[in-house]
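Protein chains in written order, with our numbering: chain A, 1 to 105; chain B, 1 to 411.
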């Protein structure tokens with residue numbers, strides 16, 4: 001990790017139309033970050049590759065990443081919230097986690 | 001020397017094995033092939049006794065006949081990287097060993113068959129098989145060498161153990177390498193229609209004809225239907241732990257491996273692309289699901305890519321796969337910088353450097369292209385050097401590709 005890493009946001013915006021950002025460097029609960037010029041305090045620990053809400057999102061909102069829809073919100077979340085399987089779902093095929101292994105769905 | 005003229009990079013030719021059937025290989029592998037699981041142990045013992053990195057174990061476990069598995073085995077045993085084969089049969093299985101032997105002979109490659117029930121059992125077959133490998137290797141080593149151009153190279157790409165970094169670093173970097181290699185005339189193959197769910201419209205817009213575009217969309221619809229019946233998308237628990245939430249999110253990341261070139265055809269496992277350019281490999285079986293998941297693990301897809309003639313496969317990973325393959329080298333492109341630090345001995349390319357601002361996509365793309373060329377010349381990829389030769393071939397069913405799938409097929 002270079003010395004200037006602390007000056008670089010731990011989150012990157014992949015496309016101007018996106019409403020989520022992707023974590024590029026481990027971020028901690030309570031850490032202060034800047035989203036579109038506004039200060040946000042992270043409510044969750046966010047690991048590399050995970051997403052946060054660029055703005056407040058509502059249930060049913062399409063999530064846009066790479067400028068393309070990647071699913072929909074299941075519930076409302078504030079700006080900066082972790083966006084993942086607990087609050088978002090596919091518009092195509094249900095995703096699965098290790099808990100379902102051996103039980104079909 | 002690599003020279004750049006405008007958007008096109010010119011690469012020097014390199015030495016390859018010139019097969020009697022006109023194809024050119026970057027390796028000279030002898031395949032020891034079990035034709036049913038009952039012959040697996042004997043075949044493995046032959047390979048282990050030979051103790052030679054250029055002797056590879058492949059096989060098909062099933063006792064029932066399967067057109068797909070037969071076609072795959074023909075394609076694999078006459079792959080340009082293969083110099084000859086030893087077939088190991090139990091004797092009573094239904095795999096058509098005579099037809100496979102004739103096909104290999106017709107390609108000009110040496111081949112011998114050993115039937116355990118006729119040879120005197122396990123120990124006698126192992127002994128005869130080892131001697132056969134030596135004989136066949138001696139013949140294969142006399143294969144003439146000659147110039148091979150980048151335009152004669154077939155490069156595949158697959159992803160495995162994807163996470164939220166894959167679609168940002170390794171996959172688009174492979175896409176850059178594909179654009180460079182494709183512009184130099186190479187054949188590039190990307191795959192997994194089950195991991196293109198959600199990208200079908202964007203992908204179809206890159207087809208060289210509207211008819212091909214419709215076929216591309218149809219292939220993804222087929223995949224979505226198939227996976228829905230299976231009950232799981234092409235989405236593993238590790239994908240979610242790495243930040244991916246949905247199939248279509250994973251798809252968008254996977255899709256970026258294809259780069260930006262026009263898509264000039266769809267092929268199915270065992271089909272060799274007729275020209276250079278970019279092809280989609282449709283790995284999802286046709287018809288109603290019969291034999292289970294399209295590919296039970298990444299290894300099965302690598303084998304299908306190789307059956308399409310791939311000389312080398314670019315494998316992108318975020319979580320950190322370590323697999324290689326029999327027959328053709330696998331190059332590992334690691335998307336996640338944290339994974340790279342944990343598994344650097346398995347990772348050929350550190351694309352996670354893009355994540356940390358230590359390199360750009362273009363630079364990593366160039367690194368990948370350079371490594372493909374070095375591996376083509378003979379440098380071993382890390383998985384190859386460590387002896388990874390994973391191989392899986394199972395039951396599947398495919399219809400032949402339709403007329404709209406290869407608009408640029410040579411007359």
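Where a beta carbon is used, it is the ideal one built from N, C-alpha and C, also for glycine.
The distance from the Cβ of residue 173/B to that of residue 312/B is about 16 Å, inconsistent with a contact at the 8 Å cut-off. Contact check between the region 273–291 of chain B and the region 386–398 of chain B: three or more CB pairs, one atom from each, fall below 8 Å, which counts as touching.
Ranking 407/B, 406/B, 389/B and 405/B by CA distance to the CA of residue 54/B puts 389/B first. One finds 22, 23, 47, 48, 49, 50, 51 and 84 in chain A with Cβ atoms closer than 8 Å to the Cβ of residue 243/B, taken in chain order. Identification of residues in the region 168–199 of chain B having a C-beta nearer than 7 Å to some C-beta of chain A yields 168, 197 and 198, given in sequence order.
For residue 117/B, there are no neighbours in chain A by C-beta distance under 9 Å, as the nearest C-beta there is about 38 Å away. Take residue 340/B, set aside five residues on each side of it, and the residues of its chain with a beta-carbon closer than 6 Å to its own are 334, 347, 350 and 352, in chain order.
Under DSSP, residue 85/B forms a beta bridge with 31/B and 111/B. Among the residues facing chain A, residue 157/B is not included, as its CB has no counterpart in that chain under 8 Å away. Bridge pairing for residue 279/B: 189/B and 265/B [DSSP].
In this chain, the alpha helix (DSSP H) harbouring residue 49/B covers 40–50. Under a criterion of Cβ atoms nearer than 8 Å, the residues of chain B adjacent to residue 14/A are, in order, 168. In this structure residue 327/B is in contact with residue 76/B, their Cβ atoms being roughly 6 Å apart against a cut-off of 8 Å.
Secondary structure of residue 89/A (DSSP, three-state): strand. By the neighbour-count criterion, in which a residue is buried when 16 or more other Cβ atoms sit within 10 angstroms of its Cβ, residue 290/B is exposed. Close CB contacts of residue 156/B within its chain, under the 6 Å cut and outside five residues either way in sequence, are with 189, 305, 310 and 313 (chain order). By alpha-carbon distance to residue 392/B, the top candidate from 245/B, 404/B, 296/B and 329/B is 296/B. Boundaries of the beta strand (DSSP E) harbouring residue 145/B: 145–148, taken from the DSSP string. Residue 69/A carries a strand assignment under DSSP once its states are collapsed to helix, strand and coil. Taking C-beta atoms as the reference points, residue 187/B and residue 273/B count as a pair closer than 8 Å. The beta carbon of residue 380/B sits closer than 8 Å to the beta carbons of 329 from its chain, once the five residues preceding and following it are set aside; these are given in chain order. For the 8 Å CB-CB criterion, residue 336/B and residue 163/B form a contact. Within the DSSP secondary-structure output, residue 15/B pairs in a beta bridge with 147/B. Measuring C-alpha to C-alpha distances from residue 24/B to each of 60/B, 43/B and 80/B identifies 80/B as the nearest. Here the alpha carbon of residue 217/B sits roughly 6 Å from the alpha carbon of residue 204/B. Pairing residue 112/B with residue 36/B gives a Cβ-Cβ distance that is not under 8 Å.
Distance from the Cα of residue 68/A is smallest, within the candidate group 43/B, 361/B and 196/B, for 196/B. DSSP places residue 77/B in the helix class (H, G or I) of the three-state scheme. Between residue 355/B and chain A, the shortest Cβ-Cβ separation is below 8 Å. Boundaries of the beta strand (DSSP E) around residue 317/B: 312–317. In this structure, the alpha-carbon of residue 269/B lies about 22 Å from that of residue 161/B. Sequence-ordered contacts of the region 325–336 of chain B with chain A read 335 and 336 [C-beta pairs closer than 9 Å]. With distances taken between CA atoms, residue 279/B lies nearest to 212/B out of 212/B, 229/B and 300/B. At a cut-off of 8 Å between beta carbons, residue 247/B contacts chain A. Within a 10 Å sphere around the beta-carbon of residue 17/A sit fewer than 16 other beta-carbons, which makes this residue exposed. Secondary structure at residue 27/A: strand, using DSSP grouped into helix, strand and coil.
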